[in-house]
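Accompanying notes for the structure given below.
In the numbering used here, the protein residues as written are 35 to 267.
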C-alpha cells in the first residue's frame, strides 16, 4: 500500500469518527479510535483511546468503552461499561460491567445488570439478568440463570477430549470459589456449591453440595522432617 493510499484510509477513518462525534459520541482521543463503517453508537457514549469496533457493532447510549477494547459483530445495551476487553459475535445487556481483561467469545449472551469481571472468559454461553462472575472464571457451553453468583476460579469443565457438553445453573444459585462443574450437570435454582467442590452430579433445588477430601493436620511434621533446619541455613 502506498503512502497516498494510507493517508486516504486515515482520512476516511477520521471522517467516520467525526460523524459519531456530531451524533453525540464523545472521544477521549478521536485520532486513536478505529471504527468500522457499519458501526452504530448511541449518544453520550464515551470512547477511550485504542478502541477497535469492527463489523456490525451496535452500542447503546451512555456507555463507556474503555481503552484497548475490541468489539466485533456484537450488540451492547445502554449504560454499559466495558474496560480493556474483547467481545466477538456476542450480545451484552444494559447496565452491565465487563472487564477489565474479559473475553466474550462467539454466541455469548450477557443480560442486564450483570458483571463479567477481570480474566473471565465466556464462550457459547448465557448469563441471566443480575448474574455475576467477578474474576478468574471460565464459562463454556452453559446457561447461567438470573442472579447467580460465580465465585473466583469457577471452571465449567465442558470438554471430555472428544465432545463438548452443556451445563445449566438455575436462578439464584451460589457457586463457591474454585469449583469445577463437570458438564453435563444441572444445578437447580437456589442451590449452594461449597468452595473447592467438583460437581459431577445434578444438584436439587435449594440444596448444599459439598465435595472435598477430609482434611488432616499432622502436628510436628515439619520439625521431624528437619525442614526448619534447612530454612535457617
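Where a beta carbon is used, it is the ideal one built from N, C-alpha and C, also for glycine.
(message) Can you give me the C-alpha to C-alpha distance between residue 196 and residue 173, rounded to a whole angstrom?
(response) As a working note, residue 196 is residue 162 in the chain shown. As a working note, residue 173 is residue 139 in the chain shown. Cα to Cα, the separation comes out at about 18 Å.
(message) Could you tell me the alpha carbon to alpha carbon distance between residue 213 and residue 51, rounded to whole angstroms?
(response) For this step, residue 213 is matched to residue 179 along the chain shown. For this step, residue 51 is matched to residue 17 along the chain shown. Those two C-alpha atoms are separated by around 44 Å.
(request) Note down, one range per segment and in chain order, each beta strand (DSSP E) of at least 3 residues found wholly within the segment 87–171. (result) 104–106, 120–122, 149–157
(message) Taking a contact to mean a Cβ-Cβ separation below 8 Å, would you say residue 202 touches residue 176 in this structure?
(response) As a working mapping, residue 202 is identified with position 168 in the chain shown. As a working mapping, residue 176 is identified with position 142 in the chain shown. Their beta carbons are under 8 Å apart, which means residue 202 touches residue 176 by this criterion.
(message) Starting from residue 50, trace the alpha helix (DSSP H) in both directions and tell me its first and last residue.
(response) Position 16 of the chain shown, counted from the first residue, corresponds to residue 50. Where residue 50 is concerned, the enclosing alpha helix (DSSP H) stretches over 37–56.
(request) Could you check what DSSP says for residue 256 in three-state terms: helix, strand or coil? (result) If you number the chain shown from 1, residue 256 lands on position 222. Residue 256 falls in the helix class under three-state DSSP.
(request) Return the chain-ordered list of same chain residues with a C-beta closer than 6 Å to the C-beta of residue 121, the five sequence neighbours on each side being excluded. (result) Here the question's residue 121 lines up with position 87 in the chain shown. Excluding positions up to five away in sequence, the list reads 105, 108, 138.
(message) Can you list, in chain order, the residues of its chain with a C-beta nearer than 8 Å to that of residue 240? Leave out the 5 residues immediately preceding and following it.
(response) In the chain shown, counting from the first residue as 1, residue 240 sits at position 206. Cβ neighbours of residue 240 beyond the five flanking positions: 222, 223, 224, 225.
(request) Report buried or exposed for residue 162, applying the criterion of at least 16 other Cβ atoms within 10 angstroms of its Cβ. (result) Numbered from its first residue, the chain shown carries residue 162 at position 128. Under this definition residue 162 is a buried residue.
(message) Check this for me: beta carbons of residue 25 and residue 256, under 8 Å apart or not?
(response) Any question about residue 25 goes unanswered here, given that the chain covers just 35 to 267.
(message) Using the Cβ count rule (16 or more neighbours within 10 Å means buried), how would you classify residue 40?
(response) Stepping through the chain shown from its first residue, residue 40 is reached at position 6. Counting Cβ neighbours within 10 Å, residue 40 comes out exposed, since fewer than 16 surround it.
(request) Please report how far the alpha carbon of residue 103 lies from the alpha carbon of residue 258, in whole angstroms. (result) Counting from one through the chain shown, the residue named residue 103 turns up at place 69. Counting from one through the chain shown, the residue named residue 258 turns up at place 224. Rounded to whole angstroms, residue 103 to residue 258 spans 54 Å at the Cα level.
(request) Within the same chain, show all residues whose beta-carbon is closer than 8 Å to that of residue 200, passing over the 5 residues directly before and after it, in chain order. (result) In the chain shown, residue 200 corresponds to position 166, counting from 1. Answer for residue 200: 175, 176, 177, 192, 217, 218, listed in chain order.
(request) Could you tell me whether the Cβ atoms of residue 152 and residue 165 are closer together than 8 Å? (result) As a working mapping, residue 152 is identified with position 118 in the chain shown. As a working mapping, residue 165 is identified with position 131 in the chain shown. The answer is no: Cβ separation not under 8 Å.
(request) Within the same chain, show all residues whose beta-carbon is closer than 6 Å to that of residue 136, passing over the 5 residues directly before and after it, in chain order. (result) Locating residue 136 in the chain shown gives position 102, where the first residue counts as 1. Once the five neighbours on either side are set aside, the close Cβ partners of residue 136 are 119, 150, 154.
(request) May I have the straight-line CA-CA distance separating residue 43 from residue 123, to the nearest angstrom? (result) Position 9 of the chain shown, counting from 1, holds the residue named residue 43. Position 89 of the chain shown, counting from 1, holds the residue named residue 123. Spanning the two alpha carbons is a distance of roughly 25 Å.
(request) Can you give me the start and stop residues for the beta strand (DSSP E) that residue 201 sits inside? (result) Your numbering for residue 201 matches position 167 in the chain shown. Residues 201–203.
(request) Find the nearest neighbour of residue 19 within the set 141, 140, 146, judged by alpha-carbon distance. (result) As displayed, the chain neither begins before 35 nor continues past 267, which places residue 19 out of reach and without an answer.
(request) Tell me whether residue 220 sits in a helix, a strand or coil according to DSSP, three-state version. (result) Position 186 of the chain shown holds residue 220. In the structure shown, residue 220 sits in a strand (DSSP, three-state: E or B).
(request) Going by CA-CA distance only, name the one from 134, 204, 96, 141 that's closest to residue 128. (result) Residue mapping note: residue 128 aligns to position 94 of the chain shown, counting from 1. The option with the nearest alpha carbon to residue 128 is 96.
(message) Since residue 246 and residue 231 should fall inside the 8 Å C-beta cutoff, what is the C-beta to C-beta distance between them, to a whole number of angstroms?
(response) The residue you call residue 246 lines up with position 212 of the chain shown. The residue you call residue 231 lines up with position 197 of the chain shown. Yes, residue 246 and residue 231 are in contact; Cβ-Cβ is about 6 Å, under 8 Å.
(request) Going by CA-CA distance only, name the one from 194, 187, 204, 260 that's closest to residue 160. (result) Here the question's residue 160 lines up with position 126 in the chain shown. That would be 204, whose Cα lies nearest to the Cα of residue 160.
(message) Using only the alpha-carbon positions, how far apart do residue 82 and residue 184 sit?
(response) Your numbering for residue 82 matches position 48 in the chain shown. Your numbering for residue 184 matches position 150 in the chain shown. Their Cα atoms are separated by approximately 29 Å.
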